[in-house]
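Report on one structure; see the data block that follows.
2 protein chains.
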Amino acid sequence: MSSILAISGDAWINGQAVRGTQASFQAFDPAQGVEIAPAFYTVDSSQTDQACRAAHAAFDPFRATTNMQRADFLEAIGAQILALGDALIVRAMAESGLPRARLEGERGRTVGQLKLFADLLREGTWQDIRVDKALPERAPPRPELRLRMIGLGPVAVFGASNFPLAFSVAGGDTAAALAAGCPVVAKAHPAHPGTSELVGRAIVQAVADCGLPAGVFGLLTGIGNALGAELVRHPAIQAVGFTGSRQGGVALMAIAAARPQPIPVYAEMSSINPVFLLPQALAARGESIAAGLAASLTNGVGQFCTNPGLVLGLAGSHFEHFSFSVAKALGALPPGVMLTPGIAANYQRGVAQLAGQDGVQTMLEPVASDTCKAFPAVFRTTGAAFLASTTLAEEVFGPATLLVECLDVDEMLAITEQLEGQLTATLQMDAGDLEAARRLLPALERKVGRILANGYPTGVEVASAMVHGGPYPATSDGRSTSVGTAAIQRFLRPVCYQNFDEALLPQALRDGVPGHS
Amino acid sequence: MSSILAISGDAWINGQAVRGTQASFQAFDPAQGVEIAPAFYTVDSSQTDQACRAAHAAFDPFRATTNMQRADFLEAIGAQILALGDALIVRAMAESGLPRARLEGERGRTVGQLKLFADLLREGTWQDIRVDKALPERAPPRPELRLRMIGLGPVAVFGASNFPLAFSVAGGDTAAALAAGCPVVAKAHPAHPGTSELVGRAIVQAVADCGLPAGVFGLLTGIGNALGAELVRHPAIQAVGFTGSRQGGVALMAIAAARPQPIPVYAEMSSINPVFLLPQALAARGESIAAGLAASLTNGVGQFCTNPGLVLGLAGSHFEHFSFSVAKALGALPPGVMLTPGIAANYQRGVAQLAGQDGVQTMLEPVASDTCKAFPAVFRTTGAAFLASTTLAEEVFGPATLLVECLDVDEMLAITEQLEGQLTATLQMDAGDLEAARRLLPALERKVGRILANGYPTGVEVASAMVHGGPYPATSDGRSTSVGTAAIQRFLRPVCYQNFDEALLPQALRDGVPGHS
Numbered sequence: 000m001s002s003i004l005a006i007s008g009d010a011w012i013n014g015q016a017v018r019g020t021q022a023s024f025q026a027f028d029p030a031q032g033v034e035i036a037p038a039f040y041t042v043d044s045s046q047t048d049q050a051c052r053a054a055h056a057a058f059d060p061f062r063a064t065t066n067m068q069r070a071d072f073l074e075a076i077g078a079q080i081l082a083l084g085d086a087l088i089v090r091a092m093a094e095s096g097l098p099r100a101r102l103e104g105e106r107g108r109t110v111g112q113l114k115l116f117a118d119l120l121r122e123g124t125w126q127d128i129r130v131d132k133a134l135p136e137r138a139p140p141r142p143e144l145r146l147r148m149i150g151l152g153p154v155a156v157f158g159a160s161n162f163p164l165a166f167s168v169a170g171g172d173t174a175a176a177l178a179a180g181c182p183v184v185a186k187a188h189p190a191h192p193g194t195s196e197l198v199g200r201a202i203v204q205a206v207a208d209c210g211l212p213a214g215v216f217g218l219l220t221g222i223g224n225a226l227g228a229e230l231v232r233h234p235a236i237q238a239v240g241f242t243g244s245r246q247g248g249v250a251l252m253a254i255a256a257a258r259p260q261p262i263p264v265y266a267e268m269s270s271i272n273p274v275f276l277l278p279q280a281l282a283a284r285g286e287s288i289a290a291g292l293a294a295s296l297t298n299g300v301g302q303f304c305t306n307p308g309l310v311l312g313l314a315g316s317h318f319e320h321f322s323f324s325v326a327k328a329l330g331a332l333p334p335g336v337m338l339t340p341g342i343a344a345n346y347q348r349g350v351a352q353l354a355g356q357d358g359v360q361t362m363l364e365p366v367a368s369d370t371c372k373a374f375p376a377v378f379r380t381t382g383a384a385f386l387a388s389t390t391l392a393e394e395v396f397g398p399a400t401l402l403v404e405c406l407d408v409d410e411m412l413a414i415t416e417q418l419e420g421q422l423t424a425t426l427q428m429d430a431g432d433l434e435a436a437r438r439l440l441p442a443l444e445r446k447v448g449r450i451l452a453n454g455y456p457t458g459v460e461v462a463s464a465m466v467h468g469g470p471y472p473a474t475s476d477g478r479s480t481s482v483g484t485a486a487i488q489r490f491l492r493p494v495c496y497q498n499f500d501e502a503l504l505p506q507a508l509r510d511g512v513p514g515h516s
Numbered sequence: 000m001s002s003i004l005a006i007s008g009d010a011w012i013n014g015q016a017v018r019g020t021q022a023s024f025q026a027f028d029p030a031q032g033v034e035i036a037p038a039f040y041t042v043d044s045s046q047t048d049q050a051c052r053a054a055h056a057a058f059d060p061f062r063a064t065t066n067m068q069r070a071d072f073l074e075a076i077g078a079q080i081l082a083l084g085d086a087l088i089v090r091a092m093a094e095s096g097l098p099r100a101r102l103e104g105e106r107g108r109t110v111g112q113l114k115l116f117a118d119l120l121r122e123g124t125w126q127d128i129r130v131d132k133a134l135p136e137r138a139p140p141r142p143e144l145r146l147r148m149i150g151l152g153p154v155a156v157f158g159a160s161n162f163p164l165a166f167s168v169a170g171g172d173t174a175a176a177l178a179a180g181c182p183v184v185a186k187a188h189p190a191h192p193g194t195s196e197l198v199g200r201a202i203v204q205a206v207a208d209c210g211l212p213a214g215v216f217g218l219l220t221g222i223g224n225a226l227g228a229e230l231v232r233h234p235a236i237q238a239v240g241f242t243g244s245r246q247g248g249v250a251l252m253a254i255a256a257a258r259p260q261p262i263p264v265y266a267e268m269s270s271i272n273p274v275f276l277l278p279q280a281l282a283a284r285g286e287s288i289a290a291g292l293a294a295s296l297t298n299g300v301g302q303f304c305t306n307p308g309l310v311l312g313l314a315g316s317h318f319e320h321f322s323f324s325v326a327k328a329l330g331a332l333p334p335g336v337m338l339t340p341g342i343a344a345n346y347q348r349g350v351a352q353l354a355g356q357d358g359v360q361t362m363l364e365p366v367a368s369d370t371c372k373a374f375p376a377v378f379r380t381t382g383a384a385f386l387a388s389t390t391l392a393e394e395v396f397g398p399a400t401l402l403v404e405c406l407d408v409d410e411m412l413a414i415t416e417q418l419e420g421q422l423t424a425t426l427q428m429d430a431g432d433l434e435a436a437r438r439l440l441p442a443l444e445r446k447v448g449r450i451l452a453n454g455y456p457t458g459v460e461v462a463s464a465m466v467h468g469g470p471y472p473a474t475s476d477g478r479s480t481s482v483g484t485a486a487i488q489r490f491l492r493p494v495c496y497q498n499f500d501e502a503l504l505p506q507a508l509r510d511g512v513p514g515h516s
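For the record, the sequence lines run as chains A and B. Under numbering that gives the first Met the number 0, think of the first position of the first sequence as 0, with each following residue one higher. Under numbering that gives the first Met the number 0, think of the first position of the second sequence as 0, with each following residue one higher.
Shown next as structure tokens:
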């Protein structure tokens with residue numbers, strides 16, 4: 000490992016490596032059960048303040064760059080991440096317990112995401128430029144109006160534990176915010192601080208190479224809740240991106256709402272991603288759906304926001320067969336290493352609670368473990384018991400799923416109506432299931448961000464038509480997506496220029512500039 | 000007045016006239032100082048619940064209508080409003096003290112706004128349809144993804160006191176929400192309940208004529224804060240539109256944020272709309288700017304959200320002359336009748352407070368009045384005093400303005416940076432002022448929703464490039480506008496359909512349907 004790749008334990012503020020002055024901490028290797036050097040240090044209030052002030056100072060010059068300049072910058076970040084080479088993958092493997100192939104794929108996704116936003120910038124229509132020509136003859140005369148979207152201001156991005164690359168320091172929120180011309184102050188997730196430092200330094204390098212103000216990017220390190228709260232409270236911060244627990248997201252929403260100037264929070268929090276086994280598909284393909292579900296459920300040890308934690312089917316022999324097939328397929332799988340001891344302990348607690356609920360039958364009991372290893376779990380209940388419960392719809396983060404035996408499509412619909420907001424819903428359906436699917440669809444549209452037919456919810460394409468979002472509490476703000484080009488809209492607001500002379504008009508708004516629709 | 004135009008004092012719930020069971024109240028004629036028959040009645044919790052449940056039940060069938068059907072519906076509302084004829088204008092004049100020409104203009108604006116959204120629906124691109132074709136050869140294969148925007152759900156609309164038509168029962172928020180396929184539960188402003196009832200009945204008639212579910216529109220009547228709070232708390236309500244005081248807007252934001260499922264609030268609250276007199280323009284056109292400003296300030300007795308309550312100029316003889324010209328022009332004007340006794344009393348209180356502040360000089364003292372009549376007021380201070388104060392930037396709703404004598408453009412910039420978010424800012428500038436304007440522009444873009452050159456902020460065009468919005472506290476959510484076609488985005492969220500067969504795909508998303516971009 001060359002010296003540039005040696006992890007220092009520093010935060011990055013205004014282009015400089017800075018050591019936090021507060022509590023130290025280390026990464027933890029969940030597979031080996033050991034701490035990993037070096038020590039990291041929690042930044043203090045004044046250091047957080049410096050990063051936010053630098054971001055504020057960088058905002059005007061950064062947003063004054065052209066689309067082309069910011070596109071080049073995003074691609075430079077991607078190139079710097081790739082230039083970290085295997086050191087990044089090795090460190091991320093150690094800090095997360097995730098396998099090499101998954102992390103290499105996630106790196107590709109992260110770099111691809113930066114490229115996607117670069118392409119979006121070069122194309123230009125993200126600015127939503129609108130022009131209403133003057134109507135001087137009208138009574139009263141209409142002045143010329145020109146609208147464009149501009150960045151909201153500096154964005155606080157909280158790295159997620161379950162995607163050390165694609166939803167962390169250079170993840171979707173960072174890419175979207177930078178594309179929008181918003182500086183980013185990222186908080187490294189304490190479960191993967193080394194990965195975060197490497198990626199953060201890649202961004203710092205790209206900032207310098209592109210001649211941008213150093214405040215365009217800052218990386219804060221730390222443990223405890225105070226740092227995140229200070230970051231969200233800072234007057235320079237104008238929006239927040241977060242992926243994590245419901246408790247964490249709700250806490251940040253409350254802090255943001257209580258500011259003298261409330262700001263938007265985009266928190267992705269909690270989703271059980273119902274899968275509907277419609278009758279004909281279940282009869283025809285139950286075995287293959289069971290295999291697909293088992294694979295989707297254990298992908299990444301069930302640590303995806305889109306994990307299928309709820310499966311609804313109609314009572315009968317096909318559902319019986321399906322249930323046993325799922326339990327059998329999952330029972331044959333080896334355990335997986337979860338991301339952190341805390342997540343592993345929460346999983347054990349969650350499955351134990353679910354097993355103890357009225358009307359819940361344990362079909363596959365996970366082997367208890369005092370390490371970070373987790374075994375899949377399968378539970379079963381009835382539609383009536385599910386409808387009567389206030390807790391069976393709570394997310395258990397990990398490879399656990401609850402199969403619900405419904406009396407009929409009406410009961411499926413009643414359960415759908417009772418569900419909170421979700422990231423996804425999946426319809427397993429064949430041609431004969433069209434009528435049932437049509438009955439469910441309006442309720443599903445109201446409840447979820449993405450509806451899949453004959454697939455599995457894990458696996459979120461980075462594309463222009465993707466919605467990775469959904470009504471509360473799947474996210475704090477169902478009006479947006481965290482994945483795909485539409486994510487740039489999270490960090491934009493419209494400004495109208497009335498009766499401006501060409502000389503004063505921002506370049507992007509002048510006639511003949513690409514991006515006008 | 001024909002019997003259909005007789006005002007009954009009823010609320011409208013699920014297509015039926017319903018009498019509230021709680022406190023009664025009457026409209027008040029601020030010009031005559033008398034109450035106006037008939038009595039209205041405050042609805043109770045159960046009635047509010049019925050209106051919200053009816054809206055929820057109507058949501059799926061309403062949003063399943065085609066763009067063309069909803070376009071026809073919006074135009075039918077406009078036709079029904081026009082069919083009310085002079086009875087509407089006469090009642091609105093009596094309830095608001097606003098003159099006939101203004102209200103006829105506002106009616107035209109209201110009907111025009113409905114027509115604008117009808118045109119937007121017929122054009123179709125509001126749905127932001129995105130298609131990513133399947134890539135079956137890719138490893139792993141990419142499924143087909145299709146995105147469209149759908150309505151958020153039932154919207155609560157609070158009528159504004161200062162626009163009994165264009166920002167009330169059938170105002171911008173209602174038009175945008177209905178266009179988006181969202182049912183509306185409107186709360187009539189208690190200052191103009193008769194106007195609200197007439198317009199509400201026009202909408203109810205259009206709902207019936209278009210064969211739509213009756214729950215698409217409800218009108219609640221009442222006084223006191225409990226009704227509005229219950230409406231915002233109701234689980235069926237998915238977004239809130241409000242125009243009014245900062246105190247009122249902040250209260251609704253807190254209620255919405257404290258719900259088990261928080262919802263977006265679009266509150267337009269407080270703005271003093273700074274006007275910058277740049278040196279060359281002030282020297283060349285001070286007299287004419289003073290006349291324009293006086294007209295803008297007293298338009299509608301200063302009761303516009305975009306009223307120019309702050310004017311910044313550089314110290315010197317031109318500013319002296321300008322100040323006296325403004326005071327003289329305003330001193331020559333007759334008083335105007337304010338909307339309500341409460342608003343008139345607040346204005347008197349506001350100008351008295353401003354007059355008593357350190358460093359504030361009264362240039363035109365308004366004649367005190369114990370009726371709803373208000374005289375214009377002009378105050379003057381220095382940039383240093385303004386910067387040192389925490390209260391001089393507070394809105395005084397009415398025809399009052401504060402002239403600020405600045406040392407230089409740096410001080411203008413410092414004041415801009417200290418201002419809270421605003422709906423508008425205006426630059427009075429000539430060719431030689433370009434450099435000063437360029438210095439101010441980045442800060443103005445961060446602070447306001449609409450920047451005008453050489454105009455006056457009152458007068459908000461209903462057009463595609465309009466932004467009537469701005470950072471907090473101008474509005475609760477600076478990411479949107481309440482005027483113009485972009486307002487539809489307030490009430491939309493994206494849904495992605497993955498791997499759907501044509502047969503299940505919503506009609507709008509199928510290949511070859513207009514609106515695909």
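Backbone N, C-alpha and C fix where the C-beta goes; we use that ideal spot for every residue, glycine too.
Item: N-terminal and C-terminal residue of the beta strand (DSSP E) that lysine 186/B is part of; Value: 183 to 186
Item: Chain-ordered chain B contacts of asparagine 453/A [CB-CB under 8 Å]; Value: Asn498
Item: Alpha helix (DSSP H) segment containing glutamate 74/B, residue limits; Value: 66 to 82
Item: Neighbour flag for tyrosine 471/B against chain A, beta carbons, 8 Å; Value: yes
Item: CB contact check: aspartate 409/B to chain A, cutoff 8 Å; Value: no
Item: Range covered by the beta strand (DSSP E) that runs through glycine 448/A; Value: 447 to 452
Item: Neighbourhood of glutamine 49/B by C-beta distance below 6 Å, restricted to the same chain and skipping five residues each side; Value: Ile12
Item: Cα-Cα separation between leucine 296/A and isoleucine 342/A, rounded to whole angstroms; Value: 16 Å
Item: Chain-ordered neighbours of threonine 20/A on chain B, where CB pairs are closer than 7 Å; Value: Those within 7 Å of threonine 20/A in chain B number zero; the least Cβ separation is about 30 Å.
Item: DSSP three-state assignment for threonine 381/A, whether helix, strand or coil; Value: strand
Item: Cysteine 209/A versus cysteine 181/A - alpha carbon distance; Value: 16 Å
Item: Contact under 8 Å by Cβ, glutamate 394/A with serine 481/A; Value: no
Item: Pair within 8 Å by beta-carbon distance, tyrosine 496/B and isoleucine 450/A; Value: yes
Item: Rounded separation between leucine 329/A and alanine 293/A - CA only; Value: 6 Å
Item: Short CB-CB distance (under 8 Å) between glutamine 356/A and chain B; Value: no
Item: Below-8 Å beta-carbon distance, serine 1/B vs any chain A residue; Value: Low local confidence applies: a pLDDT of 43 at serine 1/B is under 50, so the model's placement there is unreliable, with the coordinate-based value given in what follows. Cβ-Cβ to chain A under 8 Å: no for serine 1/B.
Item: Local Cβ density within 10 Å of asparagine 224/B, reported as buried at 16 or more and exposed below that; Value: exposed
Item: Cβ shell of glycine 301/A (< 6 Å), same chain only, five flanking positions each side left out; Value: Gly397, Pro398
Item: Sub-8 Å separation of valine 350/B and glycine 96/B beta-carbons; Value: no
Item: Close beta carbons around arginine 509/A, own chain, < 8 Å, minus the five adjacent residues each side; Value: Glu501
Item: DSSP three-state assignment for methionine 411/B, whether helix, strand or coil; Value: helix
Item: With 16 other Cβ atoms within 10 Å as the buried cut-off, status of aspartate 85/B; Value: exposed
Item: Minimum Cβ-Cβ distance from isoleucine 149/B to chain A less than 8 Å; Value: yes
Item: Environment of glycine 285/B [buried if 16+ CB atoms lie within 10 Å]; Value: buried
Item: Spatial neighbours of glutamine 356/A in its chain, beta-carbon cut-off 7 Å, leaving aside the 5 residues before and after; Value: Ser388, Thr390, Leu391
Item: Counterpart residues of tyrosine 265/B in DSSP-defined beta bridges; Value: Gly240/B
Item: Collapsed DSSP secondary structure at serine 368/B in the structure displayed; Value: coil
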